[in-house]
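Novice: Start counting the sequence shown at 1151; every next residue gets the next number (this note's numbering).
Ideal placement from N, C-alpha and C gives every residue a C-beta, glycine not left out.
Small disclaimer: the values here were computed from a predicted structure and weren't measured.
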Amino acid sequence: MELNFKKLGSGKPLVILHGLFGSADNWFSIARELQKTFTLYLVDQRNHGDSPHSEEWNYQVMVEDLKELLDDEKLDQVFLMGHSMGGKTAMNFALQYPERVEKLIIADIAPRYYPVHHQTILEGLNAIDLKNTKSRKEADDILSSYVPELGTRQFLLKSLSRDSDGFVWKINLPVITEKINQVGEALAGENQYEGPTLFLAGGNSNYIQQSDLGDMEKFFPKYEVEFISDTGHWLHAEKPEAVVKEIQKFLL
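#1: What is the DSSP secondary structure of residue 1173, counted as helix, strand or coil?
#2: Check whether the segment 1265-1282 and the segment 1236-1254 touch, using three or more Cβ-Cβ pairs below 8 Å as the test.
#3: In terms of residues, what are the limits of the alpha helix (DSSP H) holding residue 1209?
#4: Just the C-alpha distance for residue 1214 and residue 1153, rounded to the nearest angstrom, thanks.
#5: What would DSSP say about residue 1378, mapped onto helix, strand or coil?
#6: Quick check: the Cα distance between residue 1287 and residue 1182, rounded to an integer number of angstroms?
#7: Starting from the C-beta of residue 1158, find all residues in its chain whose C-beta is less than 6 Å away, skip the five residues before and the five after it, and write them out in chain order.
#8: Quick one: complete beta strand (DSSP E) runs, 3+ long, within the segment 1220-1297?
#9: CA-CA distance, residue 1165 and residue 1394?
#10: Since residue 1379 and residue 1353 should fall inside the 8 Å C-beta cutoff, what is the C-beta to C-beta distance between them, to a whole number of angstroms?
#11: Using CA coordinates, which residue listed in 1219, 1223, 1358, 1317 is at the minimum distance from residue 1382?
#12: Within the same chain, show all residues whose beta-carbon is closer than 7 Å to that of residue 1225, passing over the 5 residues directly before and after it, in chain order.
#13: State the DSSP-derived secondary structure class of residue 1320, mapped to helix, strand or coil.
#14: Quick check on residue 1166: does DSSP put it in helix, strand or coil?
#15: Taking residue 1347 as the reference, give the member of 1392, 1248, 1292, 1196 with the closest Cα.
#16: Would you grab the beta carbon distance between residue 1390 and residue 1234 for me? Rounded to a whole angstrom, and I think it's under 8 Å.
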């Protein structure tokens, strides 16, 4: 699949993959600084952003989407970074194509299985009747009954767009709803990525725990972990300067 992406800056290539319900646009807050040092590829994964929709949605097809992008851009080797779902895509890619990844950064996700915990969000998104929704405020009012946190709603509603017929989702909501259990899948197999690997963890997030270190070492023997204090799961949005500092320290 030919993915949509934004290319910025100059220098060694750094490919960044967003998380569930996100898009390439989520990374503009750190792109301004990173583009001074790297050629950034901010990617919309399939069924998200401006990339195509598909009934197929799992980590294997997302890995192959990424390989196709690197091949099309003639990128033999890149720095690769992914957040949450994008981090799982990045980990799987590095295990399957280690020669294509010079260094790997994983933001607030571990190799283990995560149980489905987005049911309420999905209920809220599916409760918005796009055919009869007249404004973004109306959509937000409906979603607020399911998702009380304003910041989370603002993030989710970035995927609400307009066309000539009215509001549409940029995300493939039916497929994501049907196959959400696949997002939490654990890494499998015996492959290892032996290049340098940095796990960035939100200090207030529970996505990376002490019990995850064994799995990190199993798949990524040259790993290290850095915690970004006073941040949750969306650490790059909450503390962009701190995240940029850690990225630069690791890659340069």
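Specialist: Let's see:
#1: Reading the sequence shown from its first residue, position 23 is the one you call residue 1173. Of the three classes helix, strand and coil, the one that applies to residue 1173 here is coil, per DSSP.
#2: no
#3: Here residue 1209 is taken as the residue at index 59 of the sequence shown, counted from 1. Start and end: 1209-1222.
#4: The residue given as residue 1214 occupies position 64 in the sequence shown. The residue given as residue 1153 occupies position 3 in the sequence shown. Rounded to the nearest angstrom, the two C-alpha atoms are 11 Å apart.
#5: Looking up residue 1378 in the sequence shown gives position 228. DSSP places residue 1378 in strand when its eight states are reduced to three.
#6: Here the question's residue 1287 lines up with position 137 in the sequence shown. Here the question's residue 1182 lines up with position 32 in the sequence shown. Their Cα atoms are separated by approximately 30 Å.
#7: On the sequence shown, residue 1158 is found 8 positions in, with the first residue counted as 1. Correct list, in chain order: 1181, 1185, 1190.
#8: 1228-1233, 1251-1257
#9: Translated into positions along the sequence shown, residue 1165 becomes position 15. Translated into positions along the sequence shown, residue 1394 becomes position 244. Answer to the nearest angstrom: the Cα atoms are 14 Å apart.
#10: For this step, residue 1379 is matched to residue 229 along the sequence shown. For this step, residue 1353 is matched to residue 203 along the sequence shown. Contact flag correct, Cβ pair sits at about 4 Å.
#11: Indexing the sequence shown from 1 puts residue 1382 at position 232. Answer by Cα proximity: 1358.
#12: What you label residue 1225 is simply residue 75 of the sequence shown in a count that begins at 1. Answer for residue 1225: 1163, listed in chain order.
#13: Within the sequence shown, the letter at position 170 stands for residue 1320. If DSSP states are grouped into helix, strand and coil, residue 1320 belongs with coil.
#14: As a working note, residue 1166 is residue 16 in the sequence shown. DSSP places residue 1166 in strand when its eight states are reduced to three.
#15: Numbered from its first residue, the sequence shown carries residue 1347 at position 197. Nearest of 1392, 1248, 1292, 1196 to residue 1347, Cα basis: 1248.
#16: Stepping through the sequence shown from its first residue, residue 1390 is reached at position 240. Stepping through the sequence shown from its first residue, residue 1234 is reached at position 84. Not a contact, Cβ separation roughly 16 Å.
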